[in-house]
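Encoded as structure tokens, the structure appears first; notes follow it.
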Amino acid sequence: MKETKEYTLYNDTVMDHFLNPRNMGDVSEADGVGEVGAAACGDIMKISLKIRDGKIEDARFKTFGCGSAIASSSMATELIKGRTLEEAKNFSNQEVVDALGGLPPVKIHCSVLAEEALKAAIEDYEAKQAGKTGSTELASA
Amino acid sequence: MDKRSVYLDHQTTTPVLEEVLQAMLPYFREAYGSPSSLHRYGLQVREGLKEARQQVARMINAESDEDLIFTSGGTESANLAIKGFADANVRTKGNHIVVSAIEHPSVMNSVEYLTKHGFEVTQVPVDTIGRINPEDVRAAITPKTALVAVHLVNHDIGTIQPVKEIGKITAEKGIALYADALAAAGWMPIDVQDLGVQLLSFSPHHFYGPKGIGVLYRNRKARVTSHIHGGVQEGGRRAGTENVPAIIGAGVAADFAVREMAQRVEHVAMLQKRLYDGMWKKIQYIKLNGPVPGPLRICNTLNLSTEFIEGEGQLLLLDYQGIAVASGSSCVSKSLKVSHVLSAIKLDHALAQGNIIMSLGKDNTVEDVDYVLETFPKIVDKLRNMSPMWKEFEEGVIDSVISPTGHGKSFTEHAAAVSGKAAH
């Protein structure tokens with residue numbers, strides 16, 4: 359039996375991302391923002407993106423949720439920075455799970471939430487882009 | 002302030018007293034006989050068991066120590082009380098059971114099991130502090146009612162129930178009353194005769210006794226049918242060689258609970274008040290679930306909901322700082338559902354998510370409480386800073402449930418709006 363203080367609910371990587379989350383906050387003047395909730399448990403995750411030349415230049419998160427939800431959003435934002443939009447659209451929650459060294463089965467949905475928040479942010483960006491193009495066309499017409 | 006180790010989960014379990022451990026030890030290697038044996042090894046142990054039974058009987062003022070059945074724990078005791086009573090009385094008394102909506106899972110699930118075997122159940126609702134209205138119990142009773150089951154104290158929110166008043170109603174109607182005393186035993190005086198209960202169960206590991214032992218008080222007016230079949234131990238109601246060391250430990254724990262009751266309650270209630278006052282002074286948008294500290298609340302527990310943040314995160318950060326607490330948040334449960342108790346008191350889902358349960362013990366100190374009061378607000382700030390809900394509240398997008406400003410939609414509406422996609 360180890361000492362009490364040596365036991366943690368999640369593995370070291372998950373604990374590290376929970377205790378010292380990377381990219382926590384909101385991107386100022388974000389190009390795309392996605393906020394999604396998990397119907398299963400009630401957690402809410404928000405990811406904001408800065409996009410430059412078709413690439414994710416910056417990604418930040420805010421999460422209302424458990425330790426693994428916070429760790430998942432921290433890891434997801436770490437993983438997607440520098441990726442192209444096309445790459446980011448193929449992002450899968452499994453990447454988050456793997457990078458975190460695994461999540462308990464009941465917490466896999468936290469990583470799904472991170473994938474969905476990212477995709478919602480990209481959709482938001484693309485909708486805004488389409489809107490911009492649309493308004494330009496309207497103006498020139 | 003230095004990092005401390007502060008255990009605030011005494012409603013889940015407690016350490017055994019040194020005296021309990023010392024009393025148990027001889028029964029592992031010296032007095033190892035089975036009390037059913039007729040030789041001197043058996044007789045030696047039988048004497049120890051007799052004394053333990055008397056100690057436990059005194060703790061609840063049972064008419065006779067023969068009214069006690071030792072089981073493997075509070076859960077088995079609850080199962081035996083409900084299923085054993087139902088089996089023994091279904092033909093003579095009826096197939097209807099009245100139960101409160103906020104009982105412990107061992108009671109809820111035993112009753113649910115019976116519904117699959119021909120029983121009908123009426124769940125009596127509770128008010129927003131988790132109190133059962135005795136008149137609701139009266140109204141729920143039918144000519145077919147065999148048993149009323151209500152707990153003395155709620156395990157999650159600490160509400161003390163009007164069991165004695167309910168006992169008057171069941172006595173008037175000639176119906177048996179079972180009280181689960183899991184969250185009460187050791188933390189308030191219990192007198193089964195005064196309460197008017199025919200069945201009562203509890204678990205000594207909640208008051209410094211060992212795990213693996215439960216108690217069911219059952220007086221002569223309540224017949225129960227055994228669910229563990231075998232030899233004739235425990236008056237034929239619970240077969241199997243007795244867990245002798247644990248029964249000895251339960252007896253000593255009961256004895257200390259009686260002798261130290263007044264000082265334990267006074268000390269723990271003082272800490273509870275200090276913790277409660279401090280929390281409300283230091284943290285905004287925080288809600289107490291269950292009654293305020295006082296006559297309606299058990300002395301050792303506080304159940305709080307901190308708005309805009311989730312409970313498991315609070316629990317983990319507290320644990321990291323050495324403070325052990327529990328939570329009724331859906332994220333903490335394996336089923337991803339919020340505690341049925343919080344649902345029954347109609348707590349807003351957002352507040353149920355931010356739920357934390359702190360339960361004090363006799364060894365906690367003022368310094369422990371002050372450490373929690375210094376640590377917890379920082380944790381709340383850290384998690385609120387991380388929560389999209391906090392900023393959205395500050396911007397007027399969503400409103401507070403606890404102190405509504407009149408600006409923004411409710412958390413629930415907001416959560417539903419962003420949960421358009423299923424999580425899977």
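So the protein lines, in turn, are chains A and B.
Residues in the first sequence are numbered consecutively from 359, following our numbering.
Residues in the second sequence are numbered consecutively from 2, following our numbering.
For each residue, glycine too, the CB sits at the ideal point set by N, CA and C.
Amino acids of chain A, ordered along the chain, whose beta-carbon sits closer than 7 angstroms to that of residue i
i, result
"Tyr321/B", "Leu377"
"Glu136/B", "The contacting residues do not exist; Glu136/B stays about 35 angstroms from chain A at best."
"Ala416/B", "Gly395, Gly400 and Ile402"
"Val419/B", "Glu393, Val394, Gly395 and Ile402"
"Ser331/B", "Cys399 and Gly400"
"His350/B", "Gly400"
"Gln354/B", "Gly400"
Whether residue i touches residue j by CB criterion (7 angstroms)
i, j, result
"Ala87/B", "Leu115/B", "yes"
"Ile1/B", "Val370/B", "The requested residue 1/B is not part of the displayed model; chain B covers only 2 to 425."
"Gly159/B", "Thr302/B", "yes"
"Glu313/B", "Ser330/B", "yes"
"Tyr218/B", "Ala53/B", "no"
"Arg221/B", "Thr72/B", "no"
"Ala396/A", "Ser431/A", "no"
"Val154/B", "Ala180/B", "no"
"His408/B", "Gly397/B", "yes"
"Leu183/B", "Gly75/B", "yes"
"Leu374/B", "Val269/B", "no"
"Gly197/B", "Ala177/B", "no"
"Gly355/B", "Ile403/B", "no"
"Ala353/B", "Leu9/B", "no"
"Lys145/B", "Asn96/B", "yes"
"Gly215/B", "Ser38/B", "no"
"Gly187/B", "Ala263/B", "no"
"Val394/A", "Glu474/A", "yes"
Residue i: contacting residues in chain A (beta-carbon distance under 9 angstroms)
i, result
"Met109/B", "Correct list: empty, because the minimum Cβ distance to chain A is about 21 angstroms."
"Gln194/B", "None at all; the shortest Cβ gap to chain A is about 42 angstroms."
"Gln285/B", "The premise fails here: Gln285/B is roughly 17 angstroms from chain A at the closest Cβ pair, so nothing lies under 9 angstroms."
Residues near residue i in its chain [Cβ-Cβ closer than 7 angstroms; skip 5 each side]
i, result
"Asp482/A", "Gly390, Val391 and Gly392"
"Gln487/A", "none"
"Ala254/B", "Leu18, Val21, Pro205, Phe208, Tyr209 and Gly210"
"Arg265/B", "Lys363"
"Glu104/B", "Ala150, His152 and Asp181"
"Ala223/B", "Phe86, Ala177, Gln199 and Leu200"
Amino acids of chain A, ordered along the chain, whose beta-carbon sits closer than 8 angstroms to that of residue i
i, result
"Ile310/B", "Phe422"
"Met390/B", "Ile402 and Phe422"
"Leu183/B", "The premise fails here: Leu183/B is roughly 25 angstroms from chain A at the closest Cβ pair, so nothing lies under 8 angstroms."
Contacts that residue i makes with chain B (C-beta to C-beta distance below 7 angstroms)
i, result
"Gly425/A", "Glu313, Gly314 and Leu317"
"Gly382/A", "According to the sequence displayed, residue 382/A carries Met and not Gly. Met387, listed in chain order."
"Ile428/A", "Gly314 and Met387"
Close-in-space but distant-in-sequence residues of the same chain around residue i (CB under 6 angstroms, 5 per side omitted)
i, result
"Glu364/A", "none"
"Arg47/B", "Pro36"
"Met373/A", "Thr366"
"Ala423/B", "Residue confidence for Ala423/B is low, a pLDDT of 39 falling below 50, so the modelled location carries little weight; the figure read from the coordinates is stated next. Once the five neighbours on either side are set aside, Ala423/B has no close Cβ partner at all."
"Thr371/A", "Leu458 and Gly459"
Interface residues of chain B facing residue i [CB-CB closer than 8 angstroms]
i, result
"Met433/A", "Here the premise fails: no neighbours, minimum Cβ distance about 14 angstroms."
"Val464/A", "Lys335 and Leu337"
Residue i: contacting residues in chain B (beta-carbon distance under 9 angstroms)
i, result
"Leu367/A", "Glu313, Leu316, Leu317 and Asp320"
Neighbourhood of residue i by C-beta, 8 angstroms cutoff - its chain only, sequence neighbours within 5 removed
i, result
"Ile480/A", "Gly390, Gly392, Leu407, Leu443, Ala446 and Lys447"
"Gly85/B", "Val225, Thr226, Ser227, His228 and Arg238"
"Arg132/B", "Thr160, Gln162, Pro163, Pro292 and Leu297"
"Ala102/B", "Gln124, Val125, Pro126, Val127, His341 and Ala345"
"Lys4/B", "Gln322 and Gly323"
Heavy atom of the ligand FAD within 6 angstroms of residue i beta-carbon
i, result
"Gly383/A", "With respect to small molecules bound, the structure shown includes none, and the ligand FAD cannot be examined in it."
Min CB distance residue i to chain C below 7 angstroms
i, result
"Leu289/B", "The question asks about chain C, but that chain is absent: this structure's protein chains are A and B."
Touch check for the region 400-412 of chain A and the region 430-445 of chain A: three-plus C-beta pairs under 8 angstroms? yes
Can you confirm whether the region 28-38 of chain B touches the region 230-245 of chain B when touching is taken to mean that 3 or more C-beta pairs between the two stretches lie within less than 8 angstroms? yes
Indicate whether the contact test is met: 3 or more Cβ pairs, each with one atom in the region 105-121 of chain B and one in the region 343-351 of chain B, closer than 8 angstroms. no
Ranges of the alpha helix (DSSP H) found wholly within the region 317-384 of chain B, counting only runs of at least 4: 341-345 and 350-354
The region 388-398 of chain B / the region 327-340 of chain B touching (three or more Cβ pairs under 8 angstroms): no
Is it the case that the region 268-282 of chain B contacts the region 205-219 of chain B, given that we only count it when at least three CB pairs across the two stretches are under 8 angstroms? no
Evaluate the contact criterion for the region 249-269 of chain B versus the region 20-27 of chain B: three or more CB pairs, one atom per stretch, below 8 angstroms. yes
In chain order, which continuous runs of the alpha helix (DSSP H) of length 4 or greater are located wholly inside the region 192-256 of chain B? 193-196
Within the region 423-486 of chain A, ranges of the alpha helix (DSSP H) (whole runs, at least 4 residues): 425-438, 443-447 and 451-457
Could you name each continuous alpha helix (DSSP H) segment of 4 residues or more that falls completely within the region 20-76 of chain B, going from the start of the chain to the end? 27-30 and 41-60
Unbroken stretches of the beta strand (DSSP E), 3 residues or longer, contained in the region 361-428 of chain A: 390-395, 402-410 and 413-422
Report the start-end ranges of each beta strand (DSSP E) in the region 105-166 of chain B that is 3 residues or longer and not cut off at the edges. 121-125 and 146-150
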